[in-house]
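Following my numbering, the numbering of the sequence shown begins with 17 at its first residue and continues without gaps.
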Amino acid sequence: MNRNYPMEGFALAMIVFSLSMQEAMLTGIILLFVTVLGMVVYQIFEKLLPSWSSKACTAIFIVAVNLSLDQIIVNWYFQYNSDTQRILLQLAVGVLISKHVLSIKEFYYGRLLYEGALAYGALILIGLFREFMAFGTIFNFQLADFTFMTESFQNVIIGLLLSGVAIAIINHIFDYEVEGNESLWVLIPVVLLYQPFILDTLPELLSALIAIIATVILIFSVRMYLIFSNINRHFKKLPIELLSTSIIYMILLVF
Numbered sequence: 017m018n019r020n021y022p023m024e025g026f027a028l029a030m031i032v033f034s035l036s037m038q039e040a041m042l043t044g045i046i047l048l049f050v051t052v053l054g055m056v057v058y059q060i061f062e063k064l065l066p067s068w069s070s071k072a073c074t075a076i077f078i079v080a081v082n083l084s085l086d087q088i089i090v091n092w093y094f095q096y097n098s099d100t101q102r103i104l105l106q107l108a109v110g111v112l113i114s115k116h117v118l119s120i121k122e123f124y125y126g127r128l129l130y131e132g133a134l135a136y137g138a139l140i141l142i143g144l145f146r147e148f149m150a151f152g153t154i155f156n157f158q159l160a161d162f163t164f165m166t167e168s169f170q171n172v173i174i175g176l177l178l179s180g181v182a183i184a185i186i187n188h189i190f191d192y193e194v195e196g197n198e199s200l201w202v203l204i205p206v207v208l209l210y211q212p213f214i215l216d217t218l219p220e221l222l223s224a225l226i227a228i229i230a231t232v233i234l235i236f237s238v239r240m241y242l243i244f245s246n247i248n249r250h251f252k253k254l255p256i257e258l259l260s261t262s263i264i265y266m267i268l269l270v271f
């Protein structure tokens, strides 16, 4: 059965845009809106343009709208300017949404919203959990201040871990099995923009390059091992590779 919700887009959002409940809610709304709008526009372009042109125009439209909406909301709601990292991550989310829309053979809007609602709920829960465990707040309202609370829950490691679990649960509910190289599309922007360690003795660019190379080598090593492992089919590919990447980041962070 073909997936109707943009799994890769939601997976990346769960990793990097779930630092607070507010951010998760707004990101999820934009993600679903852009997906539906992209599907409508793609169907219109298919009737008016050649295949290659309709796909190119749809991809550009989706990426542009996704980034524009995020910039408007960040500047208006959160009252601060986006940094380069956030812009690049939103571009990556837009690319993942367009990849999903262009791969759909039959459009089922009801099914998309049904599946998307569950993925959206998971994104909100992850945002709520990470915000509360880091600061004891929900929607910036202070609810608790326990000693075990730490800003480490804002680390990308937690995002990778929770997103892997969430995607696996959603796949199990809808009986989906991940195929292809979806995990690589999600992990590429994460690895490039979030290095697990910094070598202070080396120039910043060289340190980042070494960290990226080390992370990529470990990810592919584990990936080759997982191919031959007896893993539940709902955990295969994206979910288990997100979980394994979180462990790789944890190990590299320690060393």
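Note that beta-carbon positions come from the ideal geometry of N, C-alpha and C, so glycine has one too.
Residue closest to residue i, alpha-carbon to alpha-carbon, out of the options
i: Leu215; options: Ile204, Val206, Val207, Ile228; result: Ile228
i: Thr43; options: Leu65, Ile31, Asp86; result: Asp86
i: Leu268; options: Phe190, Tyr241, Met240, Ile226; result: Ile226
i: Val207; options: Ala108, Tyr93, Lys71; result: Ala108
i: Gly126; options: Glu220, Ser119, Leu254, Tyr21; result: Tyr21
i: Phe94; options: Asp161, Met41, Glu167, Met165; result: Met41
i: Asp99; options: Leu234, Thr217, Leu209, Leu221; result: Leu209
i: Glu122; options: Gly180, Leu129, Met55; result: Met55
i: Ser148; options: Arg19, Ile186, Met37; result: Correcting the residue identity first, residue 148 is Phe in this sequence and not Ser. Phe148 has its Cα closest to that of Met37, out of Arg19, Ile186, Met37.
i: Ala116; options: Leu53, Ile154, Leu221, Ala182; result: Here residue 116 turns out to be His, not Ala, going by the sequence shown. Nearest C-alpha to His116: Leu53.
i: Tyr136; options: Met23, Ile264, Met266; result: Met23
i: Leu48; options: Glu131, Val90, Ile31; result: Glu131
i: Phe162; options: Phe190, Gly143, Gly152, Phe169; result: Gly152
i: Asn18; options: Ile233, Tyr124, Ala160; result: Tyr124
i: Ser168; options: Gln158, Ile154, Ala150; result: Ala150
i: Leu128; options: Leu222, Val50, Val194; result: Val50
i: Gln211; options: Trp68, Val270, Ile45, Ile76; result: Val270
i: Asn91; options: Glu39, Ala230, Leu141, Ser67; result: Glu39
i: Val81; options: Ile185, Ile46, Ile154; result: Ile46
Reduced DSSP secondary structure (H/G/I, E/B, other) of residue i
i: Phe148; result: helix
i: Gln95; result: coil
i: Gln211; result: coil
i: Asn187; result: helix
i: Leu65; result: coil
i: Ile229; result: helix
i: Pro255; result: helix
i: Asp12; result: Lying outside 17 to 271, the shown extent of the chain, residue 12 is not represented and no answer is given.
i: Thr43; result: helix
i: Phe33; result: coil
i: Phe123; result: coil
i: Asn82; result: helix
i: Val194; result: coil
i: Met240; result: helix
i: Thr261; result: helix
i: Arg102; result: helix
i: Tyr21; result: coil
i: Thr51; result: helix
i: Phe164; result: coil
For residue i, the residue or residues it bridges with in DSSP
i: Phe77; result: None; Phe77 has no bridge partner.
i: Ile154; result: Phe157
CB contact flag (residue i, residue j, <8 Å)
i: Phe213; j: Leu139; result: no
i: Val238; j: Ser260; result: yes
i: Leu83; j: Cys73; result: no
i: Ser34; j: Arg102; result: no
i: Leu254; j: Ile204; result: no
i: Ile189; j: Leu134; result: yes
i: Ile235; j: Ile264; result: yes
i: Leu112; j: Ala75; result: no
i: Ile142; j: Leu200; result: no
Whole-angstrom C-beta distance between residue j and residue i, which should lie under 8 Å
i: Ser114; j: Ile78; result: 4 Å
i: Gly175; j: Met30; result: 6 Å
i: Gly180; j: Leu258; result: 3 Å
i: Val202; j: Leu28; result: 5 Å
i: Val32; j: Val172; result: 7 Å
i: Tyr58; j: Ser69; result: Contact doesn't hold; Cβ gap of about 12 Å is too wide.
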